[in-house]
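These protein sequences, in sequence, are chains A and B. Residue 517 is where the first sequence ends in my numbering, and the numbering goes up by one at each step. Residue 434 is where the second sequence ends in my numbering, and the numbering goes up by one at each step. Even for Gly, the Cβ is constructed at its ideal location relative to N, Cα and C. See below for the structure under consideration.
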Amino acid sequence: MLFNSIDFFLFFFFVITLLVLLARRKYQLIFLLFTSYFFYFTSSGIFVFLLFLVSLITYITGEAIFRTETVRTRKIYLAFGTAGTLVILGFFKYYDFGAETFNSFAHYLGFPTPLPIISLVLPIGISFFTFSGLSYVFDIYRGQLVPTKSFCKYALFISYFPHLLAGPIVRARQFLPQLMEDIRLTPENLKYGATLIAWGFIKKFVIADNIAPVVTGIFAHPTEVGSFYIILGTVLFGIQIFCDFSGYCDIALGLANIIGLHLPLNFFRPYLTKSPTEFWRRWNITLSSFIKDYVYIPLGGNRKGRVRSYVNLILSMLLCGLWHGAAWNFILWGGYHGVLLSVDKIIKRQVHLGKRLGAFFETHSGYLIKILVTQYFIFLGWLIFRVGNLPDLIYSVQKFILIDFAFSGQQIRFIIVMGSLALLFVALLFNRTFADHVVALASKDWVKFFADLPLLYWTLYLSATILIFLCLTPASSPQFIYFQF
Amino acid sequence: MTSQHLVNIFLSMGVALLLSLGIYLGIVVFFVNPYLATSEKLPNIFNFYSAEKGDLSSNVYIIGSSQVREGVNATIIQEIWGRETITSEVYNLGYTGDTPLRRLTELQAMKASHPKIVIIGISYQSFYDNGSIPYDQLLMVADKITLDNASRDLYNADELHWLSLNFFENAYEKRIWVIPAISGLLERADQNSSESLNFKDPFIYTVNETREELFKKLKDYPSEQQIYITFPKEDNRQKEALGYIVRQLQDSGTRVVIVVLPLNPLLEQTINNTDRQDMRAYLNGIDAPWIDFETHYPQQDFIDFVHMNDAGREEFSSDLAKAITPD
Numbered sequence: 033m034l035f036n037s038i039d040f041f042l043f044f045f046f047v048i049t050l051l052v053l054l055a056r057r058k059y060q061l062i063f064l065l066f067t068s069y070f071f072y073f074t075s076s077g078i079f080v081f082l083l084f085l086v087s088l089i090t091y092i093t094g095e096a097i098f099r100t101e102t103v104r105t106r107k108i109y110l111a112f113g114t115a116g117t118l119v120i121l122g123f124f125k126y127y128d129f130g131a132e133t134f135n136s137f138a139h140y141l142g143f144p145t146p147l148p149i150i151s152l153v154l155p156i157g158i159s160f161f162t163f164s165g166l167s168y169v170f171d172i173y174r175g176q177l178v179p180t181k182s183f184c185k186y187a188l189f190i191s192y193f194p195h196l197l198a199g200p201i202v203r204a205r206q207f208l209p210q211l212m213e214d215i216r217l218t219p220e221n222l223k224y225g226a227t228l229i230a231w232g233f234i235k236k237f238v239i240a241d242n243i244a245p246v247v248t249g250i251f252a253h254p255t256e257v258g259s260f261y262i263i264l265g266t267v268l269f270g271i272q273i274f275c276d277f278s279g280y281c282d283i284a285l286g287l288a289n290i291i292g293l294h295l296p297l298n299f300f301r302p303y304l305t306k307s308p309t310e311f312w313r314r315w316n317i318t319l320s321s322f323i324k325d326y327v328y329i330p331l332g333g334n335r336k337g338r339v340r341s342y343v344n345l346i347l348s349m350l351l352c353g354l355w356h357g358a359a360w361n362f363i364l365w366g367g368y369h370g371v372l373l374s375v376d377k378i379i380k381r382q383v384h385l386g387k388r389l390g391a392f393f394e395t396h397s398g399y400l401i402k403i404l405v406t407q408y409f410i411f412l413g414w415l416i417f418r419v420g421n422l423p424d425l426i427y428s429v430q431k432f433i434l435i436d437f438a439f440s441g442q443q444i445r446f447i448i449v450m451g452s453l454a455l456l457f458v459a460l461l462f463n464r465t466f467a468d469h470v471v472a473l474a475s476k477d478w479v480k481f482f483a484d485l486p487l488l489y490w491t492l493y494l495s496a497t498i499l500i501f502l503c504l505t506p507a508s509s510p511q512f513i514y515f516q517f
Numbered sequence: 108m109t110s111q112h113l114v115n116i117f118l119s120m121g122v123a124l125l126l127s128l129g130i131y132l133g134i135v136v137f138f139v140n141p142y143l144a145t146s147e148k149l150p151n152i153f154n155f156y157s158a159e160k161g162d163l164s165s166n167v168y169i170i171g172s173s174q175v176r177e178g179v180n181a182t183i184i185q186e187i188w189g190r191e192t193i194t195s196e197v198y199n200l201g202y203t204g205d206t207p208l209r210r211l212t213e214l215q216a217m218k219a220s221h222p223k224i225v226i227i228g229i230s231y232q233s234f235y236d237n238g239s240i241p242y243d244q245l246l247m248v249a250d251k252i253t254l255d256n257a258s259r260d261l262y263n264a265d266e267l268h269w270l271s272l273n274f275f276e277n278a279y280e281k282r283i284w285v286i287p288a289i290s291g292l293l294e295r296a297d298q299n300s301s302e303s304l305n306f307k308d309p310f311i312y313t314v315n316e317t318r319e320e321l322f323k324k325l326k327d328y329p330s331e332q333q334i335y336i337t338f339p340k341e342d343n344r345q346k347e348a349l350g351y352i353v354r355q356l357q358d359s360g361t362r363v364v365i366v367v368l369p370l371n372p373l374l375e376q377t378i379n380n381t382d383r384q385d386m387r388a389y390l391n392g393i394d395a396p397w398i399d400f401e402t403h404y405p406q407q408d409f410i411d412f413v414h415m416n417d418a419g420r421e422e423f424s425s426d427l428a429k430a431i432t433p434d
């Protein structure tokens, strides 16, 4: 059941209608749990049992850890619970990758016993609900959470359908307290939720889906094109993945908002960030905070010296890359970001700009330069993320960094026009009033702005977004990119 | 107060939905459909069948792919027949990528227009059946298509899906033409619009590939030429569709002639004898006369492997007029 299908909207309308009619919290939660499992069943069939199994393992582990007094036994429970959950995730997500890698090494060393490749179907959302379950166990272990007595509430936390398929990764301490009250439909939640859903639809089905075929075309055979198309494809992919994933999150947050059980923000203007560290505070926020809280800090964070903190960063980001998928380019992408974060830390600690230069980088123009430099490296990272094949990747990175200047006449015209517009924009930024306006526009909460409009104008906003959706969605819509993770 | 506010918001959402749907349907009816009618040949062929064309008993249709569209000048044929006091209106209804299965969607409309003769131009690629008919080709004329049960059986589920959309679904899927339709308003009528309404001499190709370029194509991309030179051994939907079209037209009193279209000798020489014989054997099994022009013309008459130039078109049209004489 896709978010953009009539079936989904009928399903959702049915859900909120019955939630209102049921009125009592107990029945509402049972109903919501049932509909969440039904929703997962429609997209993943038999894997619904896997969802239940992960919920059960993490629930029992959390309970066992909480009831145990001795540190050693708590650790044993933690190890069993974590391993049990990760084995399931690892089997479905990483077995084939591991087997292929092992077989390559075995072949290289002359061993004749290759592991079979099973070509398993990856259950949608498995990384997201597994990590949500693990966060529950970890928080109990760290004494930051008291386990819920109700398995029904816990299972709902894991399976709550708006975030089930592609996040955001929800923490129990954010979600479970919301289940203490009756679910009520409020005008504010309804209006804000609908505004956010419309916003997400435009991002995903209009922007990302129209860009997708261009990106696919360029990266199908990247070695057949020059720097122009490699850079264009990389920039477009950066836009595509942002609109695809944040579009999904907007729809998920909007649906959750209407129901009244809110989800955490997952994106906050990541392409306007001025450093890699800031980028990771605003990109896939729930995953990066999970990695920070449950990997980076337990590894020692920055408490064990500078060098160790860089190693910890790189290890954490390697894991972050591996979480995205069982492929070397994702691991490479994670490692690349680990290095970026480390270099960012080194620069902040050890590079001291002069007074005037320091002051310049605190102006609008200075911010713009910092944003552009940061995004250059972020987008280079997207190239690593997108191109899976190693020879293609080496070629593409070369073309991205060392521009070949083998442009056609049309490409030169395009570059001149875009370059002139960019220069004009930069020049205008030196005007303080203009720069203030740009900053005000860029930092405005547009969703809230539209949601707060009087009903007549809000109706027009909604009409316009539906009309844009009807007119501009392409003939076929690719699956959300993060469904594969 | 809260519940009233909630009701108002729901009402607003309903109004927004209706308003946007209304505007969208307006765009489809007033911009997209007229755009398709002026820029695409397929809807115009259906309009052509249903339009008044004077004396129905003298109409001759020539159908087939772009080989027919490029290779036949209907005016020349009409003039040649006219010199022999045969009054016929000859129409070239060829369009790019036509196959018997695609043409089958027009069968009922064609029959209803009672042509005197239908000349079906075929070549090896007419029998190539791999995958579904492009959905946009079905979508743009879905509301004009009538299929009988036997025809329906030849289409796969995907094709039937596009043919069976209701009005709203069809309008929604036509969104792929919204931008072209609106941007088309800003442009002058181009070659397409005249081509889509031209049923006499609708040739539009301007390329002219040299002998060296064609040799290079044969050498570098041999697999791409396979559909032009191989005839499928087993029965397929294209073969069944052609047989069915012939039978249905004959049953309704229309004379049918099949023409094996000319090929550039450079390509023709690469055809396997078995494929050549298989196609002829298949044509012999169809109860309709067929004329073979495959090897009749020199390389100078073609602009590529299959499409003819001005000289070739003139020559082939004359030969066609001489080979088929209306009674």
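Quiz item: Any idea which residues DSSP pairs B/V364 with across the strands?
Solution: B/I226
Self-check item: DSSP-derived helix/strand/coil call for B/M386
Solution: helix
Quiz item: Thinking C-alpha only, which one of A/F84, A/R301, A/T105 is nearest A/G279?
Solution: A/R301
Practice problem: Count the C-beta pairs between the region 448-462 of chain A and the region 283-294 of chain A that are closer than 8 Å, then say yes if the count reaches three, no if not. | Solution: no
Self-check item: Closest Cα partner of B/I229 within the set B/R387, B/P405, B/Y404, B/D426
Solution: B/R387
Quiz item: Using a C-beta to C-beta distance shorter than 7 Å, which residues of chain A count as neighbours of B/I283?
Solution: A507
Quiz prompt | CA-to-CA distance, A/I513 to A/F299, given in whole angstroms | solution = 16 Å
Quiz item: On the three-state DSSP scale, how would you describe A/W315?
Solution: coil
Quiz item: Can you tell me the Cα-Cα spacing of A/F274 and A/D214, whole angstroms?
Solution: 34 Å
Quiz item: What did DSSP end up calling B/Y328 once you bin it into helix, strand or coil?
Solution: coil
Quiz item: Which of helix, strand or coil does DSSP assign to B/M120?
Solution: helix
Quiz item: Would you call the CB atoms of A/L487 and A/V238 closer than 8 Å?
Solution: no
Practice problem: Per DSSP, which residues does B/W198 bridge with? Please list them. | Solution: This sequence places Tyr at residue 198 of chain B; Trp is not what is there. According to DSSP, which records beta bridges pairwise, B/Y198 is partnered with B/Y168.
Self-check item: Neighbourhood of A/I263 by C-beta, 7 Å cutoff - its chain only, sequence neighbours within 5 removed
Solution: F432
Practice problem: Return helix, strand or coil for B/F409, following the three-state DSSP convention. | Solution: strand
Quiz item: Is there at least one Cβ from chain B nearer than 8 Å to A/P219's Cβ?
Solution: yes
Practice problem: List in chain order: all unbroken alpha helix (DSSP H) runs of 4+ residues lying wholly within the region 243-319 of chain A. | Solution: 259-291, 308-314
Quiz item: Does A/L222 come within less than 8 Å of chain B when only Cβ atoms are used?
Solution: yes
Quiz item: Do you know offhand how far A/Q516's Cα is from A/T318's?
Solution: 18 Å
Quiz item: Alpha carbon to alpha carbon, how far is A/G258 from A/L425?
Solution: 13 Å
Quiz item: What is the residue span of the beta strand (DSSP E) that B/D399 lies within?
Solution: 397-399
Quiz item: Do A/G367 and A/L345 have their C-beta atoms closer together than 8 Å?
Solution: no
Quiz item: At which residues does the alpha helix (DSSP H) containing B/E421 begin and terminate?
Solution: 417-430
Self-check item: A/A240 at chain B interface by Cβ criterion, 8 Å
Solution: no
Quiz item: What's the C-alpha gap between B/L270 and B/S146?
Solution: 21 Å
Practice problem: Ignore the nearest five residues each way along the sequence and tell me which others in B/V248's own chain have a CB closer than 6 Å to its CB. | Solution: L149, P150, F153
Practice problem: For A/R445, count neighbouring C-beta atoms within 10 Å of its own C-beta (all shown protein chains included) and say buried if the count is 16 or more, exposed if not. | Solution: exposed
Quiz item: Skipping 5 residues on each side, what residues in its chain have a beta carbon closer than 8 Å to that of B/R318?
Solution: L373, Q406
Practice problem: Determine the chain A residues that contact B/V122 at a beta-carbon separation under 7 Å, and present them in chain order. | Solution: T491
Exercise. Kindly list, in the order they appear in chain B, the residues whose Cβ is closer than 7 Å to that of A/I498.
Key: A123, L124, S127
Quiz prompt | Backbone CA spacing between A/T114 and A/G165 [nearest angstrom] | solution = 9 Å
Quiz item: What are the start and end residues of the alpha helix (DSSP H) that includes A/R464?
Solution: 464-475
Quiz item: Which residues in the same chain as B/K346 place their Cβ atom closer than 7 Å to its Cβ, once the five residues preceding and following it in sequence are excluded?
Solution: F234, Y389
Quiz item: Measuring CB to CB, does A/I283 end up less than 8 Å from A/F322?
Solution: no
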